[in-house]
Amino acid sequence: MKKYILTAACLTFAVPAMAEDTIKLGLGVPMTGDYAPYAEWQGARCMAEMINADGGVDGKKIEVLVQDSGGDTQTAISLAQKFLDEGAVMLGTIPFSDTMIPVAQVAAEYGVSIFQPQSTQVEMHAGLVDNFFTGVSPDPFTATAAANYALEQGVKNVVLMTSDEGGSWSARTPLWFGDVIEAGGGEVLSKLNFSFGTSDWSPQIAEIKALDKPVDAVYISSIMPDISVLIRQLKSAGIDAWVVGSDGFDDPSLDEIGADDPSILDKVFFATLAPSHADSAVVQFMNDCKEMGIDVPGLFPATGADTVKALAWAIETSGSTDPKTIADTLRSADSIPVMSVDEISFKETKTYAQRTIPVIGFKEGKRVLISNVIPENTPKDWN
Amino acid sequence: MEYIVQQVINALAFGAEYALLALGLAIVFSIMGLVNFAHGEIIAVGGYTMVALGALMIGNPYIVIASAVVAAMFASVMLERFAFRPVRYADPTTGLLTAFGVSMILQNLFLLFVSPRPIAVTSLYFLDWPVNLFGVQVSSLQLFETGATALVIVALMLFLRRTTLGIAMRAAALDFEMVRLVGIRANRVFAVAFLVSGLLAGLACIFIMARRGSVDPHMGFNPVLKAFVACVVGGFGSLPGAVLGGFILGAVEVAMLVLLPQEYGGMKDAFVFGIIALLLIWRPNGILSPRIEKGDKV
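This is the structure in C-alpha cells:
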C-alpha cells in the first residue's frame with residue numbers, strides 16, 4: 001500500500017515537470033453539430049505532428065488539446081477555463097464574436113491570447129478585447145477583392161442577398177461588395193433577404209426576374225449547401241448572372257455540383273481565406289497530412305495549421321513560452337510564416353492579419369486562382 | 384401580373400412541401416399521440432441511402448428514388464419497433480423525450496460514421512428544369528412536388544376511408560382500447576402508421592434532395608420544425624389540418640419574404656410567427672383541430 005502511495009505521489013509531482021516540456025494549445029471547437037465542418041482542429045493536430053517530428057520547438061513538443069464545444073458558447077468558455085488551468089499558452093475557438101469575446105475575456109486573466117485562423121467578422125476588431133488575433137483579413141477585404149474582379153468582368157448591375165443570421169458576415173459583407181461596385185461605376189439594383197438553410201430560392205429569383213434591368217451579378221455570403229441550390233436555381237430560371245461570394249463558398253461540395261455539368265460553375269467565383277486550388281499550399285498540406293494518416297477535410301480545417309505554425313514561430317523567435325511574450329512577438333513582427341500563405345503580419349493591423357486575398361473561380365469545373373493581392377480600395381468605414 | 388402569379392406558385396410549392404412533411408408527423412400523432420421529432424432523421428436516412436448508392440456507382444434514378452423511399456419506410460418502422468413501442472403506453476412527455484433522443488442519436492451516428500460535412504448527391508438534378516406554364520416560368524420540381532402532395536392526400540383519404548386497415552387506424556385514433564377489444568392487432572396499426580409516415584418522409588426526401596443536392600447530418604431539423612409548426616397551425620392530429628397548416632405556413636413565409644422591406648429582413652421569422660400566434664389566438668387548438676369527444680380525428 002505504501003509503495004502505491006509513493007508511486008502515486010511521484011506521478012503527481014512529475015506532472016508539472018512534464019507540462020513544462022510541452023507547449024499547449026487549447027482548442028474548444030465544434031467537433032459535432034452544424035459548424036463542425038469549419039473547425040480547425042485537424043489541421044492544427046497535423047501541423048503539430050509535423051513540427052514535433054522535426055524535433056519540436058526549442059526541444060519542446062507541441063500538444064494540441066482538443067475538446068468538442070458543439071458550437072455552444074458556454075461550453076466553449078468552460079473548455080477555455082479548463083485548458084488555461086492545464087497550462088495552455090494560446091487558445092482557439094469558434095469564429096463567432098459572441099463566443100470569441102467571452103473566451104478572450106477569460107483568457108485575458110491568464111495573459112493568454114486567442115488565435116482564430118478563420119475569423120473574418122469585423123466585430124472582433126472594435127477594441128472590445130486586445131488579446132485576440134485572427135489569421136485572416138476581415139470581410140471588407142474579401143468583399144473588395146471579389147468586387148474588383150467583378151468590375152474587371154464588366155459587371156455593372158448587382159443584386160445583394162443579405163441575412164442577419166450570420167452577423168456582419170452575411171449582413172454587411174454584401175453591402176461592402178455593393179459599395180465597391182458603386183464606387184466603380186456600377187449599381188446595386190436590389191437587396192434581398194434570405195435565411196440560412198434556404199433550400200428553395202424561388203421567391204428571391206422571382207424578385208430578380210421582376211427587376212427593370214438585367215442583373216450582371218448576385219452577391220451572397222452564405223454557407224453550403226444553400227449556395228449550390230441558389231446557383232442551380234438561378235441557372236434553371238435562365239438568369240445568366242455571375243454568382244459571387246465569400247469564404248462560405250469554399251467547400252468541396254460546391255465543386256461537386258459541377259460533376260455532371262461543369263459549365264454550371266463557369267460564372268461562379270468567390271474571395272476566400274487562402275488559395276485552395278489544386279497547386280496551392282493548402283492542398284499540398286492536406287495531401288501531406290493524408291500520408292501521415294490525418295484527414296484534413298478542406299480549407300477551414302486546414303487553417304488550424306496557421307495557428308500552430310504562428311505559435312511555434314513566436315516561441316522560437318522569442319525563446320519564451322510566456323503567453324504575453326508570445327503575443328508581443330506576433331504583434332511586432334514584420335512577417336510571420338504560416339501554412340496557407342507565405343506570410344502574414346499584425347504589425348499595422350494589431351488584431352487581424354494583413355495578407356493577400358485570393359479570388360477563386362472555376363474553369364471546366366476545376367478551381368483556378370484568379371487573383372491573390374491585398375486590395376487597396378477596401379471601404380474604410382467598416383469598424 | 385406575371386410576378387404575382389409566380390409568387391403564388393412559389394407559395395403553393397412551399398406549402399406543398401410543408402404539407403407533405405406535416406402529414407408524416409400528423410399521422411403518427413393522430414394514432415399514438417407522439418410528436419416524432421426523429422421524422423427529420425428519417426428523411427436524412429433517405430438522403431444517405433442515395434449517397435450509398437452513389438458510392439456503389441448505382442445512378443439509375445428510378446433505383447435511387449425507390450431505394451430512398453424504401454429505406455425511409457424501413458427506418459421508420461424500425462424506430463417504431465425498437466424506440467417507440469417500449470414507451471407506447473408511457474406518459475406523452477416520455478414519448479417526446481424519446482423522439483428527441485432518437486433524433487440526436489441518429490444525427491450523431493451520421494456525424495461519426497459518415498461525415499459532418501454536406502455530401503453532394505447529384506443523381507436527382509434531372510428532376511429540375513424550367514417549365515413555361517401559361518407564360519409563367521416555373522420549376523418542374525415545384526410542379527412535381529405540388530402534384531405529388533395532391534396525390535398523397537387523395538391516396539391517404541382513400542386508404543383511410545376504403546381499406547380495413549385505414550378504418551382501423553381512424554378508429555384507433557379515436558379510441559384505441561376499443562379497437563383492440565374488437566380484435567385488431569395494436570402492433571399492426573402502429574406499424575402501418577409509421578410505415579405511412581416513413582413513405583411520406585421518403586417522398587419529401589426525394590424533393591428535398593433534388594433541390595438541395597446534398598445531405599448532411601442535420602438536414603432534417605429545419606423541415607421537421609416547419610412540419611411541427613404546420614401541424615400546430617392546422618390542429619395537431621388532424622390530417623386535413625396538417626395540409627392546411629402547411630399551405631398557410633408556405634404562403635405566410637413567401638409573403639413575408641417578398642413584402643417585408645429589406646431593412647426588416649432580419650425580422651422575417653418574427654413576423655411569420657407573429658401571424659401564426661394571431662391564428663392560434665383565434666383558434667387555440669389549431670384551425671382544424673379534431674373534436675375531442677366525437678367525430679373523426681384523421
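Note that the protein sequences, when read in sequence, are chains P and L.
Numbering of the first sequence is given in this note's numbering, commencing with residue 1 and proceeding in unit increments.
Numbering of the second sequence is given in this note's numbering, commencing with residue 384 and proceeding in unit increments.
Glycine residues also receive a C-beta, built at the ideal position from the N, C-alpha and C atoms.
The structure presented is a predicted model; accordingly, all values stated were derived computationally and were not measured.
Identify whether Gln67/P lies in helix, strand or coil by the three-state DSSP scheme.
-> If DSSP states are grouped into helix, strand and coil, Gln67/P belongs with the strands.
Would you give the residue range spanned by the beta strand (DSSP E) that Asn372/P belongs to?
-> Asn372/P: member of the beta strand (DSSP E) spanning 366-373, first to last residue.
Provide the residue span of the beta strand (DSSP E) that contains Ile223/P, from first to last.
-> Note, Ile223/P: premise wrong, no beta strand (DSSP E); not H, not E.
Just how far apart, CA to CA, sit Ala146/P and Lys324/P?
-> 36 Å
Chain P contact for Thr432/L (CB, 9 Å cutoff) = no
Cutoff 6 Å; reference Val296/P; Cβ partners in own chain excluding five residues on either side = Gln42, Gly43, Cys46, Met286, Cys289, Ala302
Can you find a CB in chain P that lies within less than 9 Å of the CB of Asp558/L?
-> Taking a beta-carbon distance threshold of 9 Å, Asp558/L does not count as an interface residue toward chain P.
Given 8 Å as the limit, is there contact between the segment 574-588 of chain L and the segment 408-419 of chain L, that is, 3 or more CB pairs closer than that?
-> yes
Give a yes or no on whether the C-beta atoms belonging to Ile208/P and Ile231/P are separated by under 9 Å.
-> No, they are not a contact pair.
By the 10 Å Cβ neighbour count, where 16 or more other Cβ atoms means buried, how is Lys347/P classified, buried or exposed?
-> exposed
What did DSSP end up calling Gly596/L once you bin it into helix, strand or coil?
-> Gly596/L carries a coil assignment under DSSP once its states are collapsed to helix, strand and coil.
Which term fits Tyr472/L, buried or exposed, when burial requires 16 or more other beta carbons within 10 angstroms of its beta carbon?
-> exposed
Quick one, which of Val188/P, Gly178/P, Asp68/P, Ala143/P has its alpha-carbon nearest Glu376/P's?
-> Ala143/P
Local Cβ density within 10 Å of Asn383/P, reported as buried at 16 or more and exposed below that | Exposed.
Can you tell me which of the three DSSP states Phe115/P falls into?
-> DSSP places Phe115/P in strand when its eight states are reduced to three.
Where Leu189/P sits in the DSSP three-state scheme | strand
Taking the Cβ atom as the reference point for each residue, do Val655/L and Leu632/L lie within a distance shorter than 9 Å?
-> Yes; because the gap between Cβ atoms is below 9 Å, this pair is in contact.
If you check the beta carbons only, do Leu25/P and Ala88/P fall under 9 Å apart?
-> yes
Ordered along the chain, which non-local residues of its own chain (more than five positions away) have a Cβ less than 7 Å from that of Pro225/P?
-> Ser253
Should Phe290/P be flagged as near chain L, meaning a C-beta pair shorter than 9 Å?
-> A small correction: the amino acid at residue 290/P is Lys; Phe does not occupy that position in the sequence shown. It does not: the Cβ of Lys290/P has no partner Cβ on chain L nearer than 9 Å.
Is the segment 393-401 of chain L in contact with the segment 159-179 of chain P, if contact means three or more CB pairs nearer than 8 Å?
-> no
Please determine, among Leu510/L, Gly581/L, Gly669/L, Gly484/L, the residue with the shortest C-alpha to C-alpha distance to Met461/L.
-> Comparing Cα-Cα distances from Met461/L to each of Leu510/L, Gly581/L, Gly669/L, Gly484/L, the minimum goes to Gly581/L.
Close-in-space but distant-in-sequence residues of the same chain around Ile664/L (CB under 7 Å, 5 per side omitted) | Cβ within range, chain order: n/a, list empty.
Please list the partners that Val453/L has in chain P, where partner means a Cβ-to-Cβ separation under 8 Å.
-> Listed along chain P is no residue with a C-beta nearer than 8 Å to that of Val453/L; the closest approach is about 23 Å.
Val497/L, DSSP secondary structure in three states = coil
Which ranges would you report for the beta strand (DSSP E) in the segment 217-275 of chain P if only whole runs of at least 3 residues count?
-> 217-220, 242-245, 268-271
Give, in chain order, every residue of the segment 588-606 of chain L whose Cβ lies closer than 9 Å to some Cβ of chain P.
-> Ile591, Arg594, Arg595, Gly596, Ser597, Val598, Asp599, Pro600, His601, Met602, Phe604, Asn605, Pro606
Would you give the residue range spanned by the alpha helix (DSSP H) that Leu406/L belongs to?
-> 385-415
Looking at C-alpha atoms only, which residue of Gly669/L, Tyr386/L, Pro667/L is the closest neighbour of Val521/L?
-> The option with the nearest alpha carbon to Val521/L is Tyr386/L.
Is Ala660/L buried or exposed, if buried means 16 or more other CB atoms sit within 10 Å of its CB?
-> exposed
May I have the straight-line CA-CA distance separating Val485/L from Phe467/L, to the nearest angstrom?
-> 9 Å
Interface residues of chain P around Pro475/L at Cβ under 9 Å?
-> Going along chain P, no residue has its Cβ under 9 Å from Pro475/L, so there is no contact; the nearest lies around 28 Å.
Could you give the residue range of the beta strand (DSSP E) that holds Phe132/P?
-> 132-134
Output, in sequence order along the chain, the residues in the segment 225-259 of chain P whose CB is closer than 8 Å to any CB in chain L.
-> Pro225, Ser228, Val229, Arg232, Gln233, Ser236, Ala237, Gly238, Asp251, Pro252, Ser253, Glu256, Ile257, Ala259
State the Cα-Cα distance for the pair Gln204/P and Phe269/P, rounded to the nearest angstrom.
-> 20 Å
Measure the CB-CB distance between Ala587/L and Leu417/L and report whether it falls below 9 Å.
-> It is not a contact, given that the beta carbons lie outside the stated cut-off.
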